[in-house]
Structure formats: structure tokens, C-alpha cells
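The numbers in our numbering rise by one with no breaks, and the one at position 220 of the sequence shown is 934.
Notes for the one structure printed next.
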Amino acid sequence: MAGATTIVQLRVSDVRFPTSLEQHGSDAMHTEPDYSVAYVVIETDGGHEGYGLTFTLGKGTEVVVCAVEALSAFVVGRTLQEIVGDFRAFYRLLTSDGQMRWIGPEKGVIQLATAAVLNAVWDLWARVEGKEPRKLVSCIDFRYITDALTEEEALGGCFSSHEEMLRDGYPAYTTSCAWIGYSDQQLKELCTKALSHDWTRFKVKVGADLQDDVRRCRLVRQMIGPDNTLMIDANQRWDVQEAITWVSHLAEFKPLWIEEPTSPDDILGHAVISKALAPLGIGVATGEQCHNRVMFKQLLQASALQFVQIDSCRLGSVNENLAVILMACKFHVPVCPHAGGVGLCELVRHLILFDYISVSASLQNRMCEYVDHLHEHFKSPVVIRNACYVPPKDPGYSTEMREESVRRYQYPQGEVWQTLQATRGHRT
Ligand SMILES: C[C@H](O)[C@@H](O)CC(=O)C(=O)O
Ligand SMILES: [Mg+2]
């Protein structure tokens, strides 16, 4: 790395997209999401910039913005070299401040803010220089997980060639055909279109009404045929026994997994559901609201999930995602990241390529979520070829948004929101 680079400024914006107008992103628990981000820009004295974000659903983004501002004092004035020279210590500084940790620790709003800030640091670092495995493992805080994974074990990973990824890409599945607010007609049209673009794996939102679920799953299964893959996602709608009963009614449609059947905090509940559904050939997937490595450790130790859904903006950035990817490998559970939202596909492709090239060296039962909204707002948007993620080429973590997008969608002063409020009285 060149000479010392001091971070002199951190800016954060509340950027919201009115996706609820067309029910994009809707599910049984989040019926009208406005996909949003707390968007962070850090600037160095040498004129370098790093970009970071965390994903939100509209209201409350202002709270995350406030938490990012509270964390900025740990970042501004430090050199990049100081931070990445002992990234593990810096992660701990951010998450373990003797006063601030009281509003976490490592969970909720403060953890989302940590992700946004650290994603910006990773982006800055990746723009400035390359990295090697020992360095990456040194970024992980092993506190609370050494009973499941030690640093020595983490260093002994498998390695695979990146040539295959450059040639074929990383397999993806689509969630864009079957949000809960979409009509049956929309489902049909979107499935037809996706099939014509070589998609073979489809996720359907369920959990609001059983008869609707039966009809929608039947429709999608008929559209995609018996050989393509179907997943279902309840977004935490049920109690444990209710989940087992409800999903058993949907078993005839042969879903590969039920995602987030119950509270994301209920590890033993997930274990009970996993055990009950295993004879039906249905696995449990969870993680998009799993806020730290310790929760994932317990889910893995309790055999409570069969698919690990890391999230680039829910866990404390790359540092924690690396820890979870390595633990999942040790427990032989495939990582199938959560993506979509705003920018999650852009970020997560880096993590999934790391999993394949440096950790698992396997594609068995592995695929990464894809949602086809809002990529146009990013400077290095995701590229999908034959239903696979194409490896990114630009330096950095692909977190940089287009300036015009940030300006137009800034909440509430951006012109998009001003116009919506004036013309349609869109709720704020
Ligand atoms: C509110 C979000 O759109 C959520 O439904 C996303 C999700 O569960 C998924 O992509 O999986
Ligand atoms: Mg989900």
C-alpha cells in the first residue's frame, strides 16, 4: 500500500426507492417495503473514497443514519493502514465500545450501521490494494466462536480455480417472479419471461394465507415443471408448530427449502422445524435477519438450518461474513446468500466468489439469490449471464451508487419524494 491515507470525512445519506407503489419486495410480514439504504461515503486526505451501505425498508432509515453518525468518530482521523493493519481490533473497537455496545451488542440498528461503515472501509481498502488469505483471516473477530472454529482451522481452507467462475459464473436463483403482492397473472408472465432467460430456480413468497399459497405454488410449479427448483419464503410469519403444519400442506409442490419459517432468534425452534420437515425432503434456510456470527454458530451447532443465508449488510460487513462462511464450511452446510434489496446483489457476489474460490470449492446445493430491481443506481451493477452471477471486474466492493440516484432519491428532500408527496400523498 502507498503512504499513509487518513480518513478525513464520513458522509451518510438516507436514500429511499418507492418500491411499495408496485408491491416489489413484498412478503407476508413486510407488505409495503420501500427499498432503501443508509449510504456512507468516506473520504481520505489523498482524495480516495470508499462507499458503503446497509439495506432498510424505508421508515427507520433515519435511525440507522443517526447510528452511522455516532460511529463516525471511530473512523474519521484514523489512517486506512491503522485500520486494516489490525482489522480484527478495529472491528472490536466499533462493536465493543464500553458505552455504545449497550445499544447492541452486535445486533439491531447499531449492527446495521457497523455494516454500512465497514462496507465503506472494505471498499476503500479493495480499491487501494489486493489481499491474501492470511490477511483476510486476520480480519475476523473469533471472540465467542472458538468453540466452533479456530483461526488455525480457518487458515486450512480448500482452494479452487477462479477460471470456472470467469467462464460459467456463480449459479443464481430468482425471487423476482413471486412477491406476495403480485397477482396470479403477474406470476405467470414473470415466470414465462424468467424461463425464457434460462432461469431454473425460483422462490415464492408464502405465509399470509394457506389457500393462496397452495394456488400460487401450484401455479409456479406447473409453470416451471418438475425438474426446476422451487423455494418458499415465509419471512418469520409462523410459530414453530404452525410452520410445520403449514409447510407440510405445501410439500406436494416439492420446495427445496422453507426460508425464515419463524422468529430469526429462535434457534431451537428452527431445529425442531428442520427435524420435522427432513422426512418431507424440505430443508430450512435462514440468515437474512441473523445479526451476528454467534447466532449463526448456534444455528449450525444445533443443526437448525440446512442452508446458510449470509447477508452483506446485516452481519458486521465482510469481517463477520468471512467468519460465517468459514464456520458453514466446517459444518458442511452450504452458503446460499440473501441478496436483492438495494445493492445486496452487487456486494454479495464478492462474498460468494470468495466462498467458492477460497473456502468451499463446491457448488453442490449452492446458489445465490437474485432480484432484478434497482441495479441501475450502481456504478458497477451486477451482471447475470445464463442465470449465473458474472464475477465483477472493477476494483472495490461495488458499493458506489450513481450520484444522480443518491440526489434524486434522497429522503425526504430528493425530487422523487418531493414529487410523490405533492402528487400522490405517498405516506412518509
Ligand atoms: C422485504 C424483503 O423484500 C424480503 O421479502 C426479502 C426476502 O425475504 C428475500 O429476498 O429472501
Ligand atoms: Mg427471505
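Where a beta carbon is used, it is the ideal one built from N, C-alpha and C, also for glycine.
Tell whether a beta-carbon distance below 8 Å holds between residue i and residue j.
i       : j       : result
Val1075 : Ser874  : For the sequence presented, residue 1075 should be read as Ala rather than Val. Taking 8 Å as the Cβ cut-off, Ala1075 and Ser874 qualify as a contacting pair.
Asp690  : Val779  : As displayed, the chain neither begins before 715 nor continues past 1142, which places residue 690 out of reach and without an answer.
Asn1033 : Tyr858  : no
Ala840  : Val851  : no
Tyr1070 : Met814  : no
Gly883  : Arg1099 : yes
Leu933  : Asp898  : yes
Val777  : Val831  : no
Ile987  : Trp971  : no
Gln795  : Thr719  : yes
Gly772  : Arg730  : yes
Val1038 : Ala1018 : no
Pro732  : Leu1134 : yes
Between which two residues does the alpha helix (DSSP H) harbouring residue i extend?
i       : result
Ala999  : Counting along the chain, Ala999 falls outside any alpha helix (DSSP H), though it belongs to the beta strand (DSSP E) covering Gly997 to Thr1000.
Cys891  : Element bounds for Cys891: n/a, residue is neither H nor E.
Thr906  : Asp898 to Ser910
Cys1059 : Leu1058 to Phe1068
Glu796  : Leu794 to Gly799
Leu991  : Ile981 to Leu991
Ser750  : Where Ser750 is concerned, there is no enclosing alpha helix (DSSP H), although the beta strand (DSSP E) it sits in stretches over Ser750 to Thr758.
Please report how far the alpha carbon of residue i lies from the alpha carbon of residue j, in whole angstroms.
i       : j       : result
Ser977  : Asn949  : 9 Å
Met1041 : Ala957  : 27 Å
Ala1225 : Val1104 : With the chain running from 715 to 1142 in the structure shown, residue 1225 is simply not present.
Ala985  : Ala965  : 18 Å
Leu863  : Glu736  : 44 Å
Val1097 : Ser1112 : 12 Å
Ala990  : Ile817  : 36 Å
Val842  : Ile756  : 13 Å
Gln925  : Asn942  : 23 Å
Thr793  : Ile721  : 6 Å
Gln1124 : Ala1053 : 22 Å
Ser734  : Lys1044 : 40 Å
Asp927  : Gly939  : 17 Å
Met1101 : Asp811  : In the sequence on display, residue 1101 carries Ala and not Met. Taking the straight line from one Cα to the other gives about 43 Å.
Gly1110 : Thr775  : 25 Å
Looking at the unbroken beta strand (DSSP E) that takes in residue i, where does it start and where does it end?
i      : result
Leu767 : Glu763 to Thr770
Leu863 : Element bounds for Leu863: n/a, residue is neither H nor E.
Gln723 : Ile721 to Arg730
Cys780 : Where Cys780 is concerned, there is no enclosing beta strand (DSSP E), although the alpha helix (DSSP H) it sits in stretches over Thr775 to Val789.
Problem - the region 904-923 touching the region 880-893, judged by at least three CB pairs closer than 8 Å - result: Three or more Cβ pairs drawn from the region 904-923 and the region 880-893 lie within less than 8 Å of each other, which places the two stretches in contact.
Practice task
May I ask you to verify whether the region 755-773 touches the region 828-846, counting CB pairs closer than 8 Å and requiring at least 3?
Solution key: A contact between stretches requires three or more CB pairs, one per stretch, nearer than 8 Å, and the region 755-773 meets this requirement with the region 828-846.
Handout entry: At least three beta-carbon pairs within less than 8 Å, the region 780-792 to the region 999-1007
Key = With the cut-off at 8 Å, the region 780-792 and the region 999-1007 do not touch.
Exercise for the section: Pick out the complete alpha helix (DSSP H) segments inside the region 1094-1138, 4 residues or longer, and give them in chain order. Expected result: Here the runs fully enclosed are 1117-1123 and 1129-1138.
Problem - Segment contact, 8 Å Cβ cut-off, at least three pairs: the region 1020-1031 with the region 1058-1069 - result: They touch, by the three-pair rule.
Problem - Contiguous alpha helix (DSSP H) assignments of at least 4 residues, all confined to the region 912-949 - result: Assignment of alpha helix (DSSP H) within the region 912-949, counting only whole runs of 4 or more residues, yields 924-938 in chain order.
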